[in-house]
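Accompanying notes for the structure given below.
Rendered as structure tokens:
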């Protein structure tokens, strides 16, 4: 009887939940093989003569005993291949070479089919599967990669970042193909005294990944939309007596409901003094009347993540002090967003936002000078977004270009015990949006979640899909 009632309730809720309807058996909006091939070609174009690019898949990491963490692919490897399997190696050459009887500029070594493993963990593509799905011509099983696979003496430099990726160790519990291949590459580099062009590697990767292609922007728009839907329903649902983890649950429900594989990073839901901890992820506190809740949460979709923060009153109404601080942060964010234009320096976004906050905190008597003001705004205003939540791209005084995608996220955090009037204590405010640099200015991809005091308080009066009343 209870089961029938629950089922009827679910049917009633379906229209309100607005579930997106997937029309194909599996999602069909992944990046295309042509996209990844284009990124490999772009990398090769920027490589020095007689060089090799070496990119490994990520390591499988043990969570506890015989249980692994959910696998997350190396972002550079994924960018160039689309393959999400472990134990793989990609080699890119500036000039054509011959390896194992095949001639070309790109070669990938992948894990072999294994029916027993596939019974437990799902299908492995193998050589033919990778050829067919990702349109890569020269594919071999990873056991074919040895110290004699190609002559390292034919290259002058190695473009790679693998030594910083913790993918090989002599202390591994069980030998694995990835660490075996990494060990071979490391030994060859040492034996043949080949320089690792780390700075060149990073420069090329930053220039490529820092400018988003149309296919990437389409995925980022979806991730931002999912994120905003979650934030909006938290604004509607939150009330005194709820916990921070319940806010997180509401948020992440909307991500998963819309097809997000996982959150882009650990969800931050900090209320009251917890809002003043920049990366607070415990999310255990019972929220009270008069608290602010800072929610820094976003969805990842097909490898690409959003990064959105909203700060909202738990009871739906800002106090006078909360409103003053909130509107100061909002003014700073507006100034930072205005600086997001092609041809402007990357660090100009932070400078624009920081001027507003410094001036405001001094005027309010919270800080005596700019140095004290920085204690209440201790982080940068922006970082790039994409495959990583802190993605690659220009830095410092380098100029923004069309296609760059970055956050604008000023904040003010006044923990208890701060050297200012107690009325400001436990106010932590951050507002974060995801800004795409366009030809003539910018576009806010997370604009569908309200930012102003009036808009937030208005949405707080609306009914959440989780409201039982």
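Numbering (the numbering used here), first residue to last: 849 to 1317. Virtual Cβ for every residue (Gly too), placed ideally from N, Cα, C.
- From the listed residues 1263, 1292, 961 and 875, the smallest Cα separation to residue 976 is found for 961.
- Counting only the Cα atoms, residue 1016 lies some 54 Å from residue 1309.
- Its Cα nearest to that of residue 1091, the residue 1129 stands out among 1267, 1129, 1191 and 1232.
- The stretch 1148 to 1157 makes no contact with the stretch 1124 to 1138: fewer than 3 CB pairs, one atom from each, lie closer than 8 Å.
- Rounded to the nearest whole angstrom, the CA to CA distance from residue 1235 to residue 1096 is 22 Å.
- The way I'd put it, the stretch 1161 to 1181 does touch the stretch 1250 to 1268; three or more beta-carbon pairs between them come closer than 8 Å.
- Between residue 1249 and residue 1298, the gap from beta carbon to beta carbon reaches 8 Å or more.
- Checking the DSSP bridge columns, you'll see residue 1280 partnered with 1157.
- Contact between the stretch 1047 to 1063 and the stretch 886 to 905 is present, with at least three C-beta pairs closer than 8 Å.
- With contacts defined by Cβ atoms closer than 8 Å, residue 1144 and residue 1120 do not form a contacting pair.
- Here residue 1255 is buried: its Cβ has 16 or more other Cβ atoms, across all protein chains shown, within 10 Å.
- Residue burial annotation: residue 1088 is exposed, with fewer than 16 other C-beta atoms found within 10 angstroms of its C-beta.
- Look at residue 1252 here: in three-state DSSP terms it is coil, with no helix or strand label.
- When the five nearest sequence neighbours on each side are left out, the beta carbons in the same chain lying within less than 6 Å of the beta carbon of residue 1208 are those of 1176, in order along the chain.
- When beta bridges are read from the DSSP output, residue 935 appears opposite no residue.
- Bounds of any beta strand (DSSP E) do not take in residue 1192, whose DSSP letter is neither H nor E.
- In the DSSP annotation of this structure, the continuous segment of the alpha helix (DSSP H) that includes residue 1068 starts and ends at 1062 to 1085.
- Under DSSP, residue 1008 forms a beta bridge with 902.
- Two segments are said to touch when three or more pairs of C-beta atoms, one from each, lie closer than 8 Å; by this definition the stretch 873 to 884 does not touch the stretch 947 to 955.
- For residue 1004, the closest of 1167, 1036 and 1012 by C-alpha to C-alpha distance is 1036.
- In the structure shown, residue 1140 falls within a strand segment according to DSSP collapsed to helix, strand and coil.
- Within the same chain, 941, 942, 1003, 1004, 1005, 1006, 1007 and 1045 come within 8 Å of residue 899 by CB-CB distance, once the 5 residues on both sides are set aside.
- One Cα belongs to residue 1241, the other to residue 1012, and the distance between them is close to 19 Å.
- Approximately 10 Å separates the beta-carbon atoms of residue 1245 and residue 1192; this is outside 8 Å, ruling out the contact.
- Under the criterion of beta carbons closer than 8 Å, residue 903 and residue 931 do not qualify as touching, at roughly 11 Å.
- Burial is judged here by how many other beta carbons sit within 10 angstroms of a residue's own beta carbon; residue 1132 has fewer than 16 and is exposed.
- Its chain contains 1088 as the residues whose beta carbon lies nearer than 6 Å to that of residue 1136, once the 5 sequence neighbours on both sides are disregarded; these appear in chain order.
- Looking at the backbone, the Cα of residue 1104 and that of residue 1085 are separated by about 18 Å.
- Secondary structure of residue 999 (DSSP, three-state): coil.
- Scanning its chain for C-beta atoms nearer than 7 Å, with the 5 sequence neighbours on each side dropped, one finds around residue 911 the residues 917, in chain order.
- At the C-beta level, residue 1272 and residue 1179 stay beyond 8 Å of one another.
- By alpha-carbon distance to residue 1315, the top candidate from 1074, 1082, 906 and 1243 is 1082.
- For residue 1145, the three-state secondary structure derived from DSSP is strand.
- For residue 1119, the uninterrupted beta strand (DSSP E) run begins and ends at 1116 to 1119, by DSSP.
- Only residues of its own chain outside the window of five on either side were considered, and among them 1080, 1083, 1084 and 1298 have a CB closer than 7 Å to the CB of residue 1307, listed in chain order.
- By the 16-neighbour rule on beta-carbons within 10 angstroms, residue 964 is exposed.
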